[in-house]
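Be aware that the sequence shown starts at 22, since it is given in my numbering, and climbs by one per residue. Following: one structure in structure tokens, then a few remarks.
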Amino acid sequence: MVEMVNRPYARAFEAYAAGNPDILCLSADLTSSCEVDGFRDRHPDQFLSMGMAEQNMMSFAGGLALAGFRPFIHTFGVFMYRRPYDQLMASVAYPRRKVRLMGFLPGITTPGGMTHQAIEDIAVMRSIPNMSILETGDATEVESICEAADSIDGPVWCRILRGSVPRLFDTPIRVGEMRVLSEGSDILVVTSGITTEEALRARVALSRAGLSIRHLHLHTIKPFDAAQLLDHIGSVRHGVVTLENHVTEGGIGSLVAETMADAGVGKRLIRLGLKDTYAHGGSRPYLMRYYDLDALALVRGIEGLVGQDFGIAEEHLDAARVEDVHSLVKAEAL
């Protein structure tokens with residue numbers, strides 16, 4: 022039974038930041054939605070409410086970093102890079118300021134639709150010089166994201182899970198590494214974020230079908246260890262399937278494709294993710310099924326790669342977690 026942890030970020034950020042006057046918590050009018058309302062109430066001297074003015078907040082954070090502070094910005098991911106992109110580039114990325122960008126609601130983890138779903142953020146951030154990228158996939162990674170991000174000498178983009186989060190791993194994020202969750206010899210599966218749990222749901226059914234799966238989980242997307250990935254690709258017979266909570270252009274599928282192309286690797290690659298589309302509103306399980314981001318979609322992708330139907334259906338997969346569509350405190354789940 023998977024342990025569920027309620028609001029791991031709230032406790033983790035307070036435990037890391039409290040008592041360290043160099044760390045400042047910035048919020049763009051989404052304080053409770055980003056789980057830092059308790060920190061605001063208990064540590065007001067380290068909290069700054071910047072209002073719904075992300076451009077000003079980004080430049081302000083760059084100035085704080087120049088003055089020796091380590092600002093942690095909290096808002097929904099889409100508002101962190103779409104609105105203040107120029108300030109992000111000029112005030113944070115270009116001067117390599119130690120600003121920690123804590124982006125909530127990655128991909129389709131919200132029913133808020135296009136305006137609230139960060140579906141192309143990895144593609145944007147990967148293209149920005151000096152920017153590092155971390156993504157949380159379970160409660161343990163959420164609990165360790167602050168220390169991991171703060172260990173990086175420069176700006177860091179973090180995809181944060183909130184609310185009730187499963188605990189899948191026993192060890193914290195180690196920047197620059199990747200988790201090897203299984204060491205099979207037929208297919209390499211590469212996942213990150215919430216798609217890792219979907220791959221784990223499919224593991225038993227794939228094993229029963231006679232497939233040996235090598236599974237990598239990426240919490241560090243930039244910097245990326247291309248040599249290690251190539252070693253894993255060389256250890257499987259058929260090829261690679263990537264599954265991500267992001268558009269297939271510019272995310273981990275592109276990262277793997279670029280690595281293979283640069284090294285002249287001729288094995289097949291299937292990239293699963295949002296296919297040149299925005300997502301509409303709905304629960305996470307519904308959206309993952311509708312847009313082919315779930316365990317069954319991964320099975321179909323593997324079947325396409327090897328050219329064989331294994332007869333695996335939903336009932337053969339491990340059960341998905343039951344999850345309420347709406348937040349307990351906000352009906353619109355925002």
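All C-beta atoms, glycine included, are put in the ideal place defined by N, C-alpha and C. Please read all numbers here as calculations on a predicted model, not as lab measurements.
Let me check one thing: in DSSP terms, what residues is residue i bridge-paired to?
i, result
"residue 298", "Its beta-bridge partners do not exist; DSSP assigns none."
"residue 112", "Beta-bridge pairing links residue 112 to no other residue."
"residue 243", "154"
"residue 27", "185"
"residue 208", "234 and 260"
"residue 93", "46 and 121"
"residue 85", "In DSSP, residue 85 forms no bridge with anything."
"residue 179", "123 and 155"
How long is the line joining the alpha carbons of residue i and residue j, rounded to whole angstroms?
i, j, result
"residue 256", "residue 228", "17 Å"
"residue 66", "residue 40", "10 Å"
"residue 226", "residue 202", "16 Å"
"residue 120", "residue 330", "48 Å"
"residue 146", "residue 109", "10 Å"
"residue 130", "residue 138", "7 Å"
"residue 172", "residue 81", "21 Å"
"residue 362", "residue 288", "Summary: the structure shown does not reach residue 362, with the chain confined to residues 22 through 355, and so no result is reported for it."
"residue 100", "residue 32", "23 Å"
"residue 315", "residue 105", "32 Å"
"residue 163", "residue 26", "10 Å"
"residue 260", "residue 235", "10 Å"
"residue 336", "residue 222", "11 Å"
"residue 95", "residue 136", "17 Å"
"residue 213", "residue 204", "17 Å"
"residue 143", "residue 276", "10 Å"
"residue 118", "residue 174", "8 Å"
"residue 220", "residue 72", "39 Å"
Considering only C-alpha positions, which residue in the set the options is nearest to residue i?
i, options, result
"residue 266", "204, 28 and 215", "215"
"residue 195", "155, 78, 295 and 333", "155"
"residue 111", "126, 151, 244 and 303", "151"
"residue 304", "117, 118, 134 and 241", "134"
"residue 88", "164, 198 and 44", "44"
"residue 116", "85, 102 and 46", "85"
"residue 274", "237, 122 and 204", "237"
"residue 37", "74, 169 and 24", "169"
"residue 74", "48, 60, 56 and 58", "48"
"residue 128", "97, 122, 148 and 153", "97"
"residue 179", "192, 333, 124 and 220", "124"
"residue 132", "312, 308, 317 and 338", "308"
"residue 189", "197, 300 and 240", "240"
So, for residue i: in the same chain, excluding its five sequence neighbours on each side, which residues have a beta-carbon less than 6 Å away from its beta-carbon?
i, result
"residue 141", "268"
"residue 63", "none"
"residue 310", "none"
"residue 353", "Model confidence at residue 353 stands at a pLDDT of 46, short of 50, so the residue's coordinates are unreliable and nothing is read from them."
"residue 90", "43 and 45"
Taking only beta-carbon atoms, is residue i less than 9 Å away from chain C?
i, result
"residue 205", "Here there is only one protein chain, and chain C is not present."
Grab me the residues of residue i's own chain with a C-beta within less than 7 Å of its C-beta, minus the 5 sequence neighbours each way, in chain order.
i, result
"residue 262", "208, 210, 291, 293, 319, 322, 323 and 326"
"residue 113", "79, 82, 83, 120 and 176"
"residue 76", "104, 105 and 108"
Looking at the secondary structure, which residues open and close the alpha helix (DSSP H) in which residue i lies?
i, result
"residue 320", "316–327"
"residue 163", "160–171"
Closer than 8 Å by C-beta to residue i: which residues in its own chain qualify, once you throw out the five before and the five after it? Chain order, please.
i, result
"residue 187", "23, 24, 25, 26, 159, 160, 218 and 342"
"residue 232", "205, 207, 208, 323, 327 and 331"
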